[in-house]
Amino acid sequence: MSAVVISGKELAAKKREEMKQEVADLTAIGKQPGLAVILIGDNPASRSYVKAKQKACEEIGLHSVLIELPEDTTEAELLQQIGALNEDNSIHGILVQLPLPNHISEQAVIEKISPDKDVDGFHPISIGKMMIGEETFLPCTPFGIVEMIKSKQIPIVGKHVVVVGRSNIVGKPVGQLLLNEHATVTYCHSKTENMKEITKQADILVVAVGRANFIGAEFIKDGAVVIDVGVNRLDTGKLVGDVKYDEAKEVSSYITPVPGGVGPMTITMLLHNTIESVKRMKV
Ligand code: GUN
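Going by the working numbering, the residue at position 64 of the sequence shown is 66; the numbering climbs one at a time, nothing skipped.
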């Protein structure tokens, strides 16, 4: 078997085309969506993610503001900056690129962002609402993954989803979203015993561990759907996922590539959330 490739790039392009019109319509009535991105320090990966987000905003006509702060910015300065953006009526979404320098509390920063502008979906209020299935901003990578699975009409109800990884940004919430879609969800992580026996049971296997080529064909049930969230740069400069793509493709029914898989969908759902934010605002 050779799997069908779920192209995040293609799905993202389609969704962004639709969003362009929506943004134009909102702009015409004086409600141009605005996204503020705060980047602290010089992490090259963060810089390239932020650049991609800005480019995507420009392409669909979103107002975007990049605030670059030096590595030695204090927590108080950052919180003050976020406070000002919370009050800024031209800004509907605020994103602070993670990770942050060690001297700044990530949680304090996340909690300072108004839940009304939390387009990352990381605020405890957003996470709590997601858990009980209330309408809220959904975290972008997990949201994009669910959209990719649905785009191929892959059944989720009653299926066994195994998530490898338990980060607050991807692993935990993607399991929760798929549980909300009535999947049976199992989490594996660095302390899991007999991981292979568990992943082998997955109808849908989501891998988000951040380790290049961690999952080979021996971890995958024949015909499973494989979602690879990893983006790892090898010493050769090549970008690879957490899954050994060439061999996984031979045993799975659907697979996401790296690059061109989950990554473009993450940014697309950020745009979606920012547009939603405008629509939810009373004024
Ligand atoms: N760093 C890696 N992924 C993300 C993300 O989705 N949002 C933010 N704010 N930082 C990140």
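Yeah, the Cβ is synthetic: ideal placement off N, Cα and C, and Gly gets one too.
Alpha-carbon to alpha-carbon, residue j and residue i
i	j	result
residue 182	residue 140	12 Å
residue 260	residue 43	26 Å
residue 171	residue 280	23 Å
residue 37	residue 104	25 Å
residue 227	residue 206	5 Å
residue 21	residue 258	23 Å
residue 211	residue 32	42 Å
residue 148	residue 175	11 Å
residue 40	residue 224	43 Å
residue 202	residue 220	8 Å
residue 270	residue 199	34 Å
residue 197	residue 58	37 Å
residue 144	residue 75	30 Å
residue 217	residue 244	6 Å
residue 125	residue 222	34 Å
N- and C-terminal bounds of the beta strand (DSSP E) containing residue i
i	result
residue 38	36-42
residue 65	65-71
residue 165	162-166
residue 227	227-230
residue 95	95-98
residue 186	186-190
residue 206	206-209
Residues of its chain near residue i, where Cβ-Cβ distance is below 6 Å and the 5 sequence neighbours each way are ignored
i	result
residue 93	36, 38, 87
residue 163	180, 185, 187, 206
residue 1	The requested residue 1 is not part of the displayed model; the chain covers only 3 to 285.
Neighbourhood of residue i by C-beta, 7 Å cutoff - its chain only, sequence neighbours within 5 removed
i	result
residue 242	214, 215, 234, 236, 260
residue 24	277
The ligand ADP heavy atom lying under 8 Å from the CB of residue i
i	result
residue 99	The ligand ADP is absent from the structure shown, which contains only the ligand GUN.
Cβ-based neighbour list, residue i, same chain, cut-off 8 Å, excluding 5 preceding and 5 following
i	result
residue 153	8, 13
Unbroken alpha helix (DSSP H) run spanning residue i, endpoints
i	result
residue 112	108-114
residue 146	142-153
residue 176	173-182
residue 130	126-133
residue 265	264-282
residue 245	From DSSP, residue 245 is part of no alpha helix (DSSP H); its letter is neither H nor E.
residue 52	46-62
residue 13	10-30
residue 88	77-89
Test: residue i CB closer than 9 Å to a CB of chain B
i	result
residue 70	The chain inventory of the structure shown lacks chain B, comprising one protein chain alone.
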